[in-house]
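2 protein chains.
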Amino acid sequence: MSTRPSDAVATLLGQRIKAPTSAVERVADVLREQIVDGALRPGTQLTEESLSTAMRVSRNTVREAYSLLIGERIAVRVPNRGVFVAAPDVAAITDLYAVRALLEPAALRWGPGLDERAVAGLRADVTEAQRCREAHDWVGVASENQHFHRHVVAVGGSERLSTIFATVLAEMRLVFHEAGGPFHAPFVDQNVHIVELLEQGHREAAAEELTRYLSDACAALISAVSKPPSHG
Amino acid sequence: MSTRPSDAVATLLGQRIKAPTSAVERVADVLREQIVDGALRPGTQLTEESLSTAMRVSRNTVREAYSLLIGERIAVRVPNRGVFVAAPDVAAITDLYAVRALLEPAALRWGPGLDERAVAGLRADVTEAQRCREAHDWVGVASENQHFHRHVVAVGGSERLSTIFATVLAEMRLVFHEAGGPFHAPFVDQNVHIVELLEQGHREAAAEELTRYLSDACAALISAVSKPPSHG
DNA sequence: ATTGCCGGATTGTTCAACAATCCCTACTCT
DNA sequence: AGAGTAGGGATTGTTGAACAATCCGGCAAT
Chain Z
0 MSTRPSDAVA TLLGQRIKAP TSAVERVADV LREQIVDGAL RPGTQLTEES
50 LSTAMRVSRN TVREAYSLLI GERIAVRVPN RGVFVAAPDV AAITDLYAVR
100 ALLEPAALRW GPGLDERAVA GLRADVTEAQ RCREAHDWVG VASENQHFHR
150 HVVAVGGSER LSTIFATVLA EMRLVFHEAG GPFHAPFVDQ NVHIVELLEQ
200 GHREAAAEEL TRYLSDACAA LISAVSKPPS HG
Chain G
0 MSTRPSDAVA TLLGQRIKAP TSAVERVADV LREQIVDGAL RPGTQLTEES
50 LSTAMRVSRN TVREAYSLLI GERIAVRVPN RGVFVAAPDV AAITDLYAVR
100 ALLEPAALRW GPGLDERAVA GLRADVTEAQ RCREAHDWVG VASENQHFHR
150 HVVAVGGSER LSTIFATVLA EMRLVFHEAG GPFHAPFVDQ NVHIVELLEQ
200 GHREAAAEEL TRYLSDACAA LISAVSKPPS HG
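Protein chains in written order, with numbering that gives the first Met the number 0: chain Z, 0 to 231; chain G, 0 to 231.
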C-alpha cells in the first residue's frame, strides 16, 4: 500500500481546505470530551446560561451544540427542564449489548475487512490492554478495550457502521464510569482468546467467543451498576 | 403475548403525558416527511430564510431543525454554503448496503425476536407488497419493502438498532427516488422466498437468501442511478 | 480567455427580550 | 402534623434584529 505522490498532495490539500470548525462544533467537542472522560457525570444538568457564559458563546450556539450531543445519545433533552448528561439505566445497558451482540460477532464472521493487518491491530489492542492491566491503569484498560471493539466493528467495512458504533461506545463510556475502575480487567483474557482464534483463522469460533464475552460483560455490568456504591 | 390491563392503561397515560412537540421538532418533522416522500429532491438547498418565512418560525429554530435532519443523514450542511437534502452517491449506496448486509442477516440468524408473530408480520408485508405490485403501485411496493426490512431488523430486539436502521432506510429512500418507480418490483419474490424459509424454520437459509438479495439489490441500484435518466 | 473586483445572497453568530414551564419554598387550612 | 395552593425564581423555548463572514456570480479590465 504505497502512497502515490498525487495522494500525498491531495491529503495535504484536503487538510488545507478543510472548513474551519464552527463555534457549535467546538462547543460540542469540548462537552463530548468532558462527558466521555467522566468529568461531567451521568445525570448532570447542562444549563445553557452557564455554558454560554463559560464558553463565551450565545445561548443559541449552546442549544445547537446540545442537539449534536443528543443525537449521539450522550445527552438527553427533557423539554422545559433542560439538557442532562445521559444516564443509561439497566434497560439502556441491555439494549446497548443487544446492539453489540448483533454487530460485533457478525463483523467477525463475515466482515470483509478481516485481513492480517486487521488481526495484527486487534493483537496490538489486547497487548496494550494487558500492559495497562499489569500497571493497574484501569482507564487505560477500558480505553484499549474500546479500541479493540471499535476495530472489530471496523472489520465490517462500513463507515456508517463505525460511526454508529462510536456513539454506542460513547454511551458505554458513561456506564463504565458507574461500574468502577477495574471492570474490564477480567475480560482482557477473553479478548486475547478471541485474537488467538482469529490468528488461527477460526472466525466462527472467535465470533462465538465474542458472543459469550458480551453476554458475560452485560450481566457483570448490570450487576455492578445495580449495587450500592461500595466506596463513597 | 397478551396485553395486561395495566399495560394498556400505562400506554394511554404515556400518550397523555407526552411532552408537546417543540417548534424545532415540528419543523424537522415537516421537512423529514417532504424529503423522505421525494417532494424535496436530493441536492435541493434548504434556505433558512425561506423556510423561516414559510413556516413562520425564526431562523434559529430552522437551524436547530436542520441539525436534527443532518444527524439523521438525510440532509448535509456545507459550512457557509447552506444545508442541502442529502444526495447519496455510489459510495454512500455501497456503504448503506454494507450496513444492511451485516445487520439484516444477523438479525434473521440470531435475533431473539423471531417468533411466530414476527414471521406472520413479515408474511403480511410481502403479501401487501405483492398486492401493490399487481396494482402497479410502485410507491406502495417500495413502502412495503421498507416495512419488511424494518421488521427484519426489529427481530434483533434492540430499540437502538431499530432507530439506527430507520435512518438507514430514510437515506435509502433518497436513493430510491433516483432509481425510478418499479425498482423494487423484481425483488418482491425474493422477500417472499425469505418468508417461506422462515416459516419452515430455516433461519440460516433465510439469512443467506437475504444476503444474496442485498448484494443483488445493491448492484441493481448502483446500475440504475449510474444510468442517464431514461425518461426526462 | 483569464483575472480581479464588487455586489448580492446566504450563513454563522450574537444579543436582548418575552412567553412558557417547572420546581421549590412558604403559607394556609384542616 | 400533613396536605394543598400560590408565588417567585430559575431555566428553557423562541423570536427578531443586527452584524460579520463567506461564497458565488456577474461584469469589467487586461
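Note that CB positions come from ideal geometry on N, CA and C, so glycine has one too.
No experiment lies behind these values; they were computed from the predicted model shown.
- Any chain Z beta carbon closer than 8 Å to ALA216(G): Not one chain Z Cβ lies under 8 Å of ALA216(G).
- Query: Quick one: Cα of PRO111(G) to Cα of ALA153(G), how far?
  - Reply: Cα to Cα, PRO111(G) sits roughly 10 Å from ALA153(G).
- Task: Would you mind reading off the limits of the alpha helix (DSSP H) that contains VAL191(Z)?
- Result: Unbroken alpha helix (DSSP H) run through VAL191(Z): 187 to 198.
- Task: Taking all protein chains shown into account, decide if ASP94(G) is buried (16 or more other Cβ within 10 angstroms of its Cβ) or exposed.
- Result: With at least 16 other beta carbons inside 10 angstroms of its own, ASP94(G) counts as buried.
- Query: Since ILE69(Z) contacts ARG80(Z) with CB under 8 Å, what's their CB separation in whole angstroms?
  - Reply: Between ARG80(Z) and ILE69(Z) the Cβ distance is about 13 Å, and since that is not below 8 Å, they are no contact.
- Query: In three-state DSSP terms, what is ARG132(G)?
  - Reply: Helix.
- Query: What residues are listed by DSSP as bridge partners for PHE83(Z)?
  - Reply: PHE83(Z) is bridged to GLN44(Z), VAL75(Z).
- Taking the alpha carbon of SER161(G) as the point to measure from, which residue in ARG99(G), ARG55(G), VAL23(G), ALA141(G) has its own alpha carbon closest? When C-alpha distances from SER161(G) are compared across ARG99(G), ARG55(G), VAL23(G), ALA141(G), the shortest belongs to ARG99(G).
- alpha helix (DSSP H) containing LEU102(Z): first to last residue? Judged by DSSP secondary structure, LEU102(Z) falls within the alpha helix (DSSP H) whose first and last residues are 89 to 109.
- Message: Can you confirm whether the stretch 112 to 119 of chain Z touches the stretch 56 to 70 of chain Z when touching is taken to mean that 3 or more C-beta pairs between the two stretches lie within less than 8 Å?
- Response: The stretch 56 to 70 of chain Z, when compared against the stretch 112 to 119 of chain Z, does not touch it at the 8 Å Cβ threshold.
- Cβ of ASP94(G) less than 8 Å from any chain Z Cβ? Taking 8 Å as the threshold, the shortest C-beta distance from ASP94(G) to chain Z falls below it.
- Message: Quick check on DSSP: helix, strand or coil for GLY70(G)?
- Response: In the three-state reduction of the DSSP assignment, GLY70(G) falls in the helix class.
- Query: DSSP three-state call for LEU173(G): helix, strand or coil?
  - Reply: Reduced to three states, the DSSP call for LEU173(G) is helix.
- Item | Range of the contiguous alpha helix (DSSP H) that encloses ASP28(Z) | For ASP28(Z), the enclosing alpha helix (DSSP H) begins and ends at 22 to 35.
- Around the Cβ of GLY155(G), are there at least 16 other Cβ atoms within 10 angstroms (buried) or fewer (exposed)? Burial of GLY155(G) is indicated by the presence of at least 16 other C-beta atoms within 10 angstroms of its C-beta.
- Item | Under 9 Å from the C-beta of GLU235(Z): neighbouring residues of chain G | Residue 235(Z) cannot be examined here, being either before or after the span of chain Z that is shown, 0 to 231.
- Query: With 16 other CB atoms within 10 Å as the buried threshold, where does SER157(G) fall?
  - Reply: With 16 or more Cβ atoms within 10 Å of its Cβ, SER157(G) is classed as buried.
- Message: Whether or not the stretch 82 to 97 of chain Z and the stretch 52 to 59 of chain Z are in contact is what I'm after, with contact meaning three or more pairs of Cβ atoms, one per stretch, closer than 8 Å; do they touch?
- Response: Flag = no, the stretch 52 to 59 of chain Z and the stretch 82 to 97 of chain Z do not touch.
- Give me the Cα-Cα distance between ALA86(G) and GLU127(Z), rounded to the nearest whole angstrom. Here the alpha carbons of GLU127(Z) and ALA86(G) stand approximately 41 Å from one another.
- Message: Counting only beta-carbon separations shorter than 8 Å, does LEU220(G) have a partner in chain Z?
- Response: By this cut-off, LEU220(G) is not an interface position.
- Item | Rounded straight-line distance, which links the Cα of ASP28(G) to that of ARG211(Z) | Cα to Cα, ARG211(Z) sits roughly 41 Å from ASP28(G).
- Task: Report buried or exposed for ASP36(Z), applying the criterion of at least 16 other Cβ atoms within 10 angstroms of its Cβ.
- Result: Under this definition ASP36(Z) is an exposed residue.
- Which of the three DSSP states, helix, strand or coil, is assigned to GLY139(Z)? When secondary structure is reduced to three states using DSSP, GLY139(Z) falls in the helix class.
- Closest by C-alpha distance to PRO181(G), when choosing among PRO41(G), GLY139(G), ALA123(G): Of all alpha-carbon atoms in PRO41(G), GLY139(G), ALA123(G), the one lying nearest the alpha-carbon of PRO181(G) is that of GLY139(G).
- Item | Residue-level contact to chain Z via CB, LEU213(G), 8 Å cutoff | Taking Cβ atoms only, chain Z never reaches closer than 8 Å to LEU213(G), which makes this a no.
- Query: In chain order, what residues of the stretch 20 to 54 of chain Z put their CB closer than 7 Å to some CB of chain G?
  - Reply: Residues of the stretch 20 to 54 of chain Z that bring their beta carbon within less than 7 Å of a beta carbon in chain G comprise SER21, in sequence order.
- Message: If I follow the unbroken alpha helix (DSSP H) through ALA223(Z), where does it start and stop?
- Response: Residues 202 to 225.
- Item | Three-way DSSP call (helix, strand, coil) for ASP124(G) in this model | Helix.
- Message: Suppose the cutoff is 6 Å on Cβ atoms and the five residues either side in sequence are ignored; what does the same chain contact list for ARG58(G) look like?
- Response: Spatial neighbours of ARG58(G) in its own chain (CB-CB distance under 6 Å, excluding positions within 5 residues in sequence) are listed in chain order as GLU47, SER51.
- Query: For ARG55(G), which three-state DSSP category applies?
  - Reply: It is coil, neither helix nor strand.
- Message: Counting C-beta neighbours from all protein chains within 10 Å, is the total for ASP124(G) 16 or more, i.e. buried, or is it exposed?
- Response: Buried.
- Test item: CB-CB of ALA105(G) and VAL151(G) under 8 Å: No, Cβ-Cβ distance for ALA105(G) and VAL151(G) is not below 8 Å.
- Would LEU121(Z) pass as a contact of LEU197(Z) if the rule is Cβ separation under 8 Å? Cβ distance < 8 Å, so LEU121(Z) and LEU197(Z) count as in contact.
- Task: Could you run through the stretch 152 to 172 of chain Z and flag, in chain order, every residue whose CB is less than 8 Å away from some CB of chain G?
- Result: Per Cβ criterion, the list reads GLY155, GLY156, SER157, GLU158, ARG159, LEU160, ILE163, VAL167.
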